[in-house]
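Novice: When we follow the numbering used here, the leftmost residue of the sequence shown carries the number 17, and every step to the right adds one. Ideal Cβ positions, reconstructed from N, Cα and C, are used throughout, including at glycine. Note that the structure is predicted; figures quoted are calculated from it, not measured. Pasting a structure below so you can have a look.
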Amino acid sequence: MSLLVLKFGGTSVGSPERIKNVAERVLRLRGEGHALIVVVSAMSGETDRLMGLAREIQPRSEGRELDVLLSTGEQVTIALLSMALESRGCPARSYTGGQVRILTDSMHNKARIRSIDDVRIRGDLDAGRVVVVAGFQGVDEEGAITTLGRGGSDTTAVALAAALKADECRIYTDVDGVYTTDPRVVKHARRLERITFEEMLEMASLGSKVLQIRSVEFAGKYNVPLRVLSSFEEGPGTLITTEEGRVEQALVAGIAFTQNEAQLTIQGVPDQPGVAYGILGPIADANIEVDMIVQNIGGDGTTDFTFTVNRNDYEKAMEVLQKVAQGVGARQVSGDTKIAKISVVGVGMRSHAGIASRMFKALAKESINIRMISTSEIKISVVVDEKYMELGVRTLHDTFELEREPAGPSAS
17 MSLLVLKFGG TSVGSPERIK NVAERVLRLR GEGHALIVVV SAMSGETDRL MGLAREIQPR
77 SEGRELDVLL STGEQVTIAL LSMALESRGC PARSYTGGQV RILTDSMHNK ARIRSIDDVR
137 IRGDLDAGRV VVVAGFQGVD EEGAITTLGR GGSDTTAVAL AAALKADECR IYTDVDGVYT
197 TDPRVVKHAR RLERITFEEM LEMASLGSKV LQIRSVEFAG KYNVPLRVLS SFEEGPGTLI
257 TTEEGRVEQA LVAGIAFTQN EAQLTIQGVP DQPGVAYGIL GPIADANIEV DMIVQNIGGD
317 GTTDFTFTVN RNDYEKAMEV LQKVAQGVGA RQVSGDTKIA KISVVGVGMR SHAGIASRMF
377 KALAKESINI RMISTSEIKI SVVVDEKYME LGVRTLHDTF ELEREPAGPS AS
């Protein structure tokens with residue numbers, strides 16, 4: 017008997033009717049002979065509602081008591097889904113993260129899973145029950161309730177699949193898989209049959225909101241086959257697996273993009289050892305993450321230093337950079353929030369030259385100026401003016417012919 021871990025997000029369980037639909041899907045899979053663990057999120061909007069209540073009491077709510085409050089959302093869902101299954105003659109048992117003993121560190125509101133006690137779950141599975149587990153939560157060594165941060169239910173599901181050596185972890189969402197790019201931008205974007213963990217990790221970090229980054233990291237580390245499917249329609253979804261398990265050998269898997277970027281430049285900084293640390297050290301101390309970095313050396317013994325940050329951190333980063341500029345005697349500090357990042361992602365890029373030149377040529381043909389470039393083994397990212405983002409994405413999607421199925425050996 018194969019073991020599947022199923023995860024249903026907030027929209028999938030957003031009403032009693034949708035919870036009943038989830039129960040029917042679970043029953044169908046059980047009828048096919050699968051043993052099942054079902055991980056659920058809070059009903060859509062519930063976590064935001066609870067956050068709103070917290071802020072009415074304490075404007076900057078955080079820490080232990082916020083976790084106690086937020087964890088109640090999933091407790092409602094596990095009870096309702098278990099009731100829906102029981103009413104259909106399917107034995108089920110619900111568990112909060114603490115009851116399973118999903119042990120985490122004590123970092124409230126963004127805890128990380130350390131271990132899972134699977135004894136109770138295995139006992140229920142052996143007894144023929146469907147196990148329903150609250151996502152997003154656990155307990156620390158002191159027994160305090162913790163939460164895993166936004167999207168943490170994905171991580172709960174993958175962690176349970178790893179701990180119990182499940183045959184597959186299925187993430188049900190409001191989309192029917194992972195696409196070559198956002199179909200709202202490129203109408204002929206194609207659903208991928210398969211994608212590697214590495215590619216999915218890059219896509220997730222670059223703006224694709226299908227899966228939480230930590231869940232993909234976890235799945236890759238423990239080699240948990242991960243499948244993204246629609247909660248609302250039948251279909252094969254997208255399988256996320258190892259590179260060796262991939263059938264098609266596409267050079268490029270997809271085009272990712274994000275508008276949530278801002279660029280800062282400090283000009284005329286003395287060109288001497290330690291200049292990068294002198295600029296980025298205070299930025300890091302302000303808990304601001306830096307993404308892309310470009311340094312240009314001038315002929316007058318000075319350097320210009322440009323980097324990007326999350327747009328939400330722009331004002332804070334600019335304030336820090338202006339203080340740095342005064343300290344080092346820089347000529348000028350400037351910034352721009354009207355930028356976007358476009359990335360070409362694919363494991364096939366490892367063994368094929370010329371991807372970058374094709375990318376740059378295609379953008380140049382559309383008169384799209386590249387402001388910054390960053391590369392890795394399976395990714396090339398460029399920063400462009402925000403107004404050219406959608407044109408750039410469509411151009412690159414067409415250039416690499418991503419609407420076409422890649423040629424390769426058929427699955428046996």
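Roughly how many angstroms separate the alpha carbons of V399 and V191, rounded to a whole number?
Specialist: Those two C-alpha atoms are separated by around 28 Å.
Novice: For the beta strand (DSSP E) that Y111 lies in, which residues bound it at each end?
Specialist: 108-111 is the span of the beta strand (DSSP E), which, as asked, contains Y111.
Novice: For A346, collect the residues of the same chain with a Cβ closer than 6 Å to its Cβ; drop the 5 residues on either side in sequence, then sort them by chain order.
Specialist: Excluding residues within five positions, the ones whose Cβ falls inside 6 Å are I282, G284, V285.
Novice: How many angstroms separate the CA atom of M59 from the CA atom of M99?
Specialist: C-alpha separation (whole angstroms): 15 Å.
Novice: Just tell me which of V147, A127, G251 has its CA closest to the CA of S110.
Specialist: The candidate whose alpha carbon is nearest that of S110 is V147.
Novice: Got a sec? Which residues, its chain only, sit under 6 Å from I371 by beta carbon, not counting five neighbours each side?
Specialist: Cβ within range, chain order: M365.
Novice: Assign H413 to buried or exposed, taking buried as 16 or more other Cβ atoms, counted over all protein chains shown, within 10 Å of its Cβ.
Specialist: Result: buried.
Novice: Can you tell me which of A127, F24, G47, G105 puts its alpha carbon nearest to the alpha carbon of I94?
Specialist: With distances taken between Cα atoms, I94 lies closest to F24.
Novice: Near G261, what residues of its chain come up, given a Cβ to Cβ distance below 6 Å and the 5 sequence neighbours on each side ignored?
Specialist: With a pLDDT of 49 at G261, under the threshold of 50, the modelled position of this residue cannot be trusted; read the value that follows with caution. For G261, where only same-chain residues beyond five positions count, there are no Cβ hits under 6 Å.
Novice: What is the residue span of the alpha helix (DSSP H) that Q91 lies within?
Specialist: Run containing Q91: 88-102, per the alpha helix (DSSP H) assignment.
Novice: Is R42 buried or exposed, if buried means 16 or more other CB atoms sit within 10 Å of its CB?
Specialist: Correcting the residue identity first, residue 42 is Val in this sequence and not Arg. That one is buried.
Novice: From this set, G168, G315, A108, G79, which residue's C-alpha is nearest I118's C-alpha?
Specialist: For I118, the nearest C-alpha among the options comes from G168.
Novice: In chain order, what residues of the same chain have a beta carbon less than 6 Å from the beta carbon of E62, not counting five sequence neighbours either side?
Specialist: Excluding positions up to five away in sequence, the list reads G89.
Novice: What do you get for H124, buried or exposed, if any count of 16 or more other CB atoms within 10 angstroms of its CB means buried?
Specialist: H124 is buried by the Cβ-count criterion.
Novice: DSSP three-state label for T415, please.
Specialist: T415 falls in the helix class under three-state DSSP.
Novice: Nearest-angstrom Cα distance between G314 and A278?
Specialist: Looking at the two C-alpha atoms, the distance is approximately 24 Å.
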